[in-house]
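In what follows, a structure is listed as structure tokens, so that the remarks can point back to it.
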């Protein structure tokens, strides 16, 4: 059975229209990985992969074969994460992420301290930080857990004032984190 992308290419009908027909039950798509389809759609729109998608690609490298011509772009985003293992958040910081998202001062201070230790001197996107925050628990995360990450990071912004900036990239607001130039680490 053909994928939505193959049907679209052969028929000249947009993938968006075919997706709507599949959801309505008029067309049956192949039994391919739905996450790979979401990743292809994001990459086709020149959007970065979500934290969930990046972790899935790290945990299951065979997923790159389902990405087709977008595999190189996805793998470059994974490569941009660098060595996650050496800079991952401690189990204590990860365990307090929910508290930080709820605005509890002790958890926000702990998250802020970890952020000041780990943020590099080059600008990195939200996913760079978020992947390190969930690295310990990546296999057992639920969709709701991914939604708590931005809330925790927003709460911690008071702790890292001057270490982040919000930019508009292709019409979307994106947060970039960077160690201030004058900061000396002794």
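Residue numbers (our numbering): 117 to 302.
Where is the CB? At the ideal position from N, CA and C, for every residue including glycine.
query: Between the beta-carbon of residue 276 and the beta-carbon of residue 219, is there less than 8 Å?
result: Here residue 276 corresponds to residue number 160 of the chain shown, with the count starting at 1. Here residue 219 corresponds to residue number 103 of the chain shown, with the count starting at 1. In this structure, residue 219 does not lie closer than 8 Å to residue 276 by Cβ.
task: Have a look at residue 180 and residue 194 and give me their C-alpha separation to the nearest angstrom.
output: As a first step, residue 180 is located in the chain shown; it is residue number 64 there, counting from the start. As a first step, residue 194 is located in the chain shown; it is residue number 78 there, counting from the start. Their backbone Cα atoms lie some 11 Å apart in a straight line.
message: Using a 10 Å radius around the Cβ and a threshold of 16 neighbouring Cβ atoms, would you call residue 164 buried or exposed?
response: Locating residue 164 in the chain shown gives position 48, counting from the first residue. So residue 164 ends up on the buried side.
message: If you reduce the DSSP assignment to three classes, tell me which class residue 232 lands in.
response: Sequence index remark: in the chain shown, residue 232 carries index 116 (1-based). DSSP places residue 232 in helix when its eight states are reduced to three.
message: Since residue 238 and residue 294 should fall inside the 8 Å C-beta cutoff, what is the C-beta to C-beta distance between them, to a whole number of angstroms?
response: One-based indexing of the chain shown puts residue 238 at position 122. One-based indexing of the chain shown puts residue 294 at position 178. Yes, residue 238 and residue 294 are in contact; Cβ-Cβ is about 7 Å, under 8 Å.
- request: Pick out the complete alpha helix (DSSP H) segments inside the segment 198 to 229, 4 residues or longer, and give them in chain order.
  value: 200 to 203, 207 to 211 and 213 to 217
- prompt: Do residue 80 and residue 217 have their C-beta atoms closer together than 8 Å?
  reply: What the structure shows of the chain is the stretch from 117 to 302, and residue 80 is not part of that stretch, so it cannot be assessed.
task: Look up residue 293 in the DSSP assignment and give the residues it is bridged to.
output: Against the chain shown, residue 293 aligns to sequence position 177. Answer is 240 and 280.
task: Give the DSSP-derived three-state secondary structure of residue 288 in the structure shown.
output: Reading the chain shown from its first residue, position 172 is the one you call residue 288. Strand, per DSSP.
query: Where does residue 261 fall in DSSP's three states?
result: One-based indexing of the chain shown puts residue 261 at position 145. Note: residue 261 maps to helix in three-state DSSP.
- prompt: Considering residue 256, what are the terminal residues of the alpha helix (DSSP H) in which it resides?
  reply: Counted from its first residue, the chain shown places residue 256 at position 140. It is not in any alpha helix (DSSP H) - residue 256 carries neither H nor E in the DSSP assignment.
task: To the nearest angstrom, report how far apart residue 246 and residue 176 are at their CA atoms.
output: Here residue 246 refers to the residue found at position 130 of the chain shown. Here residue 176 refers to the residue found at position 60 of the chain shown. When rounded, the distance between both Cα atoms is 19 Å.
- request: With residue 133 as the anchor, note down where its alpha helix (DSSP H) starts and where it stops.
  value: Counting from 1 along the chain shown, the entry for residue 133 is found at position 17. It spans 131 to 140 - the alpha helix (DSSP H) in which residue 133 sits, taken as one unbroken run.
message: In whole angstroms, give me the CA-to-CA distance for residue 232 and residue 134.
response: Numbered from its first residue, the chain shown carries residue 232 at position 116. Numbered from its first residue, the chain shown carries residue 134 at position 18. For residue 232 and residue 134, the distance between alpha carbons rounds to 47 Å.
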